[in-house]
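Worksheet: the structure to be examined is printed underneath.
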Amino acid sequence: MLAFGLAACSGGGALHRLGSGARVPDDFSVLPMRPLVIPDTLALPAPGGTNLADPDPVGAAMALLGGRDGAGVAGDAALLAQLGTWRTDPDIRATVAQEDAAFRSRTGRGGRGLSARDPYYAAYARQSLDPWAEIARFRAAGVATPTAPPRR
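Under the numbering used here, read the sequence shown as residues 196 to 347, first letter to last.
Now the structure itself:
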């Protein structure tokens with residue numbers, strides 16, 4: 196019984212393990228699923244038309260993002276096209292995998308090095324902010340900020 200109690204307190208840290216054996220969440224595994232329905236006809240949809248599985252993809256996306264289904268504005272498509280939202284890299288997963296492999300080869304031993312330091316924090320060290328320095332910067336600029344937690 197004691198072993199189970201100690202195992203429950205271990206924390207795990209599975210999301211911080213950068214090794215290939217670590218299980219990580221899949222961003223695309225949580226999707227709203229509609230019930231399966233067999234249509235009356237199995238004909239292909241007309242080009243440019245809607246289909247049974249996704250009759251209004253833009254409206255559904257807006258509803259999932261917190262908007263109202265079908266509440267799009269005529270200028271939305273032009274705005275999104277101007278922002279470059281539709282010109283995303285279709286091969287982003289391969290790019291990230293290549294950059295991750297390069298990071299691991301630079302750090303040695305699959306990102307672990309010779310120390311017991313958590314490789315997750317090392318991977319993002321250059322992208323992290325010092326919260327107290329940011330609060331000082333905002334306060335110097337005249338921005339009202341709440342109190343900061345004490346330093347460790």
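Think of the CB as a built atom: it goes at the ideal place given N, C-alpha and C, for glycine as much as any other residue.
Would you kindly report the start and end of the unbroken alpha helix (DSSP H) that includes Y316?
Element bounds for Y316: 314-318.
Where does P344 land, buried or exposed, given buried means 16+ other C-beta within 10 angstroms?
Its Cβ having fewer than 16 others within 10 Å, P344 is exposed.
Determine the contact status of A318 and F298, defining contact as a CB-CB distance below 8 Å.
Taking 8 Å as the Cβ cut-off, A318 and F298 qualify as a contacting pair.
If you reduce the DSSP assignment to three classes, tell me which class G306 lands in.
Since pLDDT at G306 reaches only 46, below the 50 mark, its modelled position is unreliable, and the value read off the structure follows with that caveat. Helix at G306.
Just the Cα atoms here: how many angstroms apart are D249 and P230?
C-alpha separation (whole angstroms): 12 Å.
When the Cα atoms are used, what is the spatial distance from P285 to V291?
Looking at the two C-alpha atoms, the distance is approximately 12 Å.
Please state if the CB of R346 and the CB of W327 are separated by a distance shorter than 8 Å.
Going by C-beta atoms, W327 is nearer than 8 Å to R346.
Can you grab the Cα-Cα spacing for the pair D251 / G244, in whole Å?
C-alpha separation (whole angstroms): 10 Å.
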